[in-house]
Amino acid sequence: MTESRILVVEDEAIVAMGIKQKLEDLGHQVVDVVFTGENAVETALKMEPDLILMDIVLKGNMDGIEAAAKIRNQLDIPVIYLTAYSDEEVLERARMTEPYGYIIKPFKKSELNANIEMALYKHAEDQKKSENVKKQILADFYDFILNSMPTTADQSDEEIKNTLLKIFASRLEEEMRPRFERELGDTVEEQNLNDLESIYNAYLDWVAHLFADFGVQTKIEPKGHLHLFKFLNCPWIDDAKKKPIFCLNCQAIMQQTYDWTGMEGKVEKKATIADGSDMCVFKFNVPFMKKN
């Protein structure tokens, strides 16, 4: 049996104590027990547990599904939902966050153990597959970068950058836009989103998920109508430092995908590793967002 660090999110204190006891009896370490969605997100980002047991129905403004979605946008941590309900609408919302299991309350220790073992195993296998895909993507990306380099030596650095951005934008239009329209369109339709703010937030989630597929963790800092989209790590940081053009591809993705939404506003580069910063940061200026 795998001994793991587990975060428990359950708003009923007595139930939470029972789950903690079961986990410790099974040899796991409970890193914390929290009672709200907001605390779940905060603790997950701080503690980075191996697995999260998340109650779907929580007191407060954020339920377990929303908390799991926010965690998933920034960390690759398997989530198992705990629920006393089997409502189809709730389960459909939960499915969209791609959990590693559901456990119907009340449950036995053996059920808990089986679900945890299966979730950890499946997550490990998914990580292996993801790493293989990531290596291939990076290899293809690297070849694309080299083949995209202008052959003339007569262009200035700024002209080369603009040329590359156009090349990247053209490739994105061909290879990424169909996925963008399909996936974001499905989200808007399934969640019945009909206002700009909700669609904009769904777009940000889509972009965060896209970069997560490349192994990039991101963080969004809202400041009224200005949002900072921060890259917390860079899988190709050494190449980005040596060949600044690597950062242009991410810049093209940020600007091009936002243009595809057709929403008012713009995306600007605020900082990049290529310019000597510790991380890449892009600024969204979206006038229709409410000011805090």
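Mapping of the sequence shown onto full-length UniProt numbering: position 122 corresponds to residue 122, and the numbering continues sequentially without gaps.
Even for Gly, the Cβ is constructed at its ideal location relative to N, Cα and C.
Treat the numbers as computed from the prediction; the structure is a model and nothing was measured.
Coarse secondary structure for residue i, derived from DSSP in three states
i    : result
H28  : coil
L112 : helix
F231 : strand
L226 : strand
F246 : helix
W236 : coil
E3   : coil
D278 : coil
L172 : helix
M263 : coil
M254 : helix
Residue closest to residue i, alpha-carbon to alpha-carbon, out of the options
i           : options                  : result
residue 317 : A94, I77, Q29 and K166   : Given that the chain is displayed from residue 1 to residue 292, the structure contains no residue 317 and the question cannot be resolved.
L172        : E3, Q256, D50 and E12    : Q256
D205        : L75, D278 and A124       : L75
M17         : E88, L196 and V33        : V33
K46         : H28, I77, K22 and G27    : I77
N73         : S110, K219 and K108      : K219
E190        : L196, A202 and R179      : A202
A274        : L112, W260 and N249      : N249
D25         : S4, T43 and E125         : S4
E268        : G262, F284 and L82       : F284
E183        : E88, V79 and W260        : W260
P106        : A252, A84, K70 and K230  : A84
H225        : V286, M62 and E48        : V286
A124        : Q251, L82 and L51        : L51
D213        : Y121, F246, D126 and I6  : D126
M176        : V30, N192, A252 and K122 : A252
residue 300 : K108, V79 and K109       : Only positions 1 to 292 of the chain appear in this structure, which leaves residue 300 out of reach.
K108        : E89, E42, D239 and L23   : L23
D238        : L193, G276 and N132      : G276
E221        : S198, V281, G27 and A69  : V281
P235        : M96, L193 and E131       : E131
N115        : T97, E92 and Y81         : Y81
Host beta strand (DSSP E) of residue i (start-end)
i    : result
I220 : T218 to K223
V267 : K266 to A271
N285 : V281 to N285
For residue i, the first and last residue of its enclosing alpha helix (DSSP H)
i    : result
G185 : R177 to E190
N274 : Here residue 274 is Ala; the residue named in the question, Asn, does not match the sequence. Careful: A274 lies outside any alpha helix (DSSP H) and carries neither H nor E.
W206 : L196 to D213
Practice prompt. May I have a chain-ordered list of the beta strand (DSSP E) segments no shorter than 3 residues that lie completely inside the UniProt domain "Response regulatory" (5 to 120)?
Written response: 5 to 9, 29 to 34, 51 to 55, 79 to 83 and 101 to 104
Worksheet item: Taking three-plus beta-carbon pairs below 8 angstroms as touching, is the segment 28 to 41 in contact with the segment 97 to 109?
Response: When Cβ pairs closer than 8 angstroms are counted between the two stretches, the segment 28 to 41 is seen not to touch the segment 97 to 109, the count staying below three.
Practice prompt. Would you check if the segment 49 to 67 and the segment 7 to 14 touch, i.e. whether three or more CB-CB distances between them fall below 8 angstroms?
Written response: In the pairwise beta carbon analysis, the segment 7 to 14 is classified as touching the segment 49 to 67: at least three pairs are separated by under 8 angstroms.
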